[in-house]
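First comes the structure, then the notes that go with it.
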């Protein structure tokens, strides 16, 4: 059986990669992928803590499934927004979003 610490290490690495990508990327799609990595690390924590703290119950797994569904809807909306931004500006770089203020 795999120890709890290994799951938490993987989750922490995913979280830090997501945070790093969110703050360093200039492309809107790369920022969206970074947010998805952060949400996936949270999903791993839900499932792991449920498995190790309450092995006979499924609340953590239901939270994980709910979070996956929410992140899929969030991704669909974000991609639709990015497509509209691209249609208007012909660019999806974060630093070019100031042009939308005018």
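Numbering (our numbering), first residue to last: 594 to 695.
Glycine is no exception: its CB is placed at the ideal position from the N, C-alpha and C atoms.
Here the structure is a predicted model, which means the values were calculated and not measured.
Go ahead and label residue i buried or exposed: buried means 16 or more other beta carbons lie within 10 angstroms of its beta carbon, across all protein chains shown.
{"i": "residue 639", "result": "buried"}
{"i": "residue 611", "result": "buried"}
Taking C-alpha atoms, which residue in the options lies nearest to residue i?
{"i": "residue 658", "options": "629, 669, 608 and 636", "result": "636"}
{"i": "residue 674", "options": "690, 662 and 660", "result": "690"}
{"i": "residue 685", "options": "618, 662, 663 and 644", "result": "618"}
Leaving out five residues before and five after residue i in sequence, what residues of the same chain have Cβ atoms less than 7 Å from its Cβ?
{"i": "residue 633", "result": "607"}
{"i": "residue 652", "result": "643"}
For residue i, which residues from the same chain have a beta carbon less than 8 Å from its beta carbon, with the 5 sequence-adjacent residues on both sides left out?
{"i": "residue 615", "result": "624, 627, 628 and 631"}
Contact check, residue i vs residue j under 8 Å by CB: the rounded distance?
{"i": "residue 645", "j": "residue 601", "result": "Actually they do not touch by this definition, with Cβ atoms about 10 Å apart."}
{"i": "residue 621", "j": "residue 687", "result": "6 Å"}
Ends of the alpha helix (DSSP H) at residue i?
{"i": "residue 633", "result": "621–646"}
{"i": "residue 603", "result": "597–617"}
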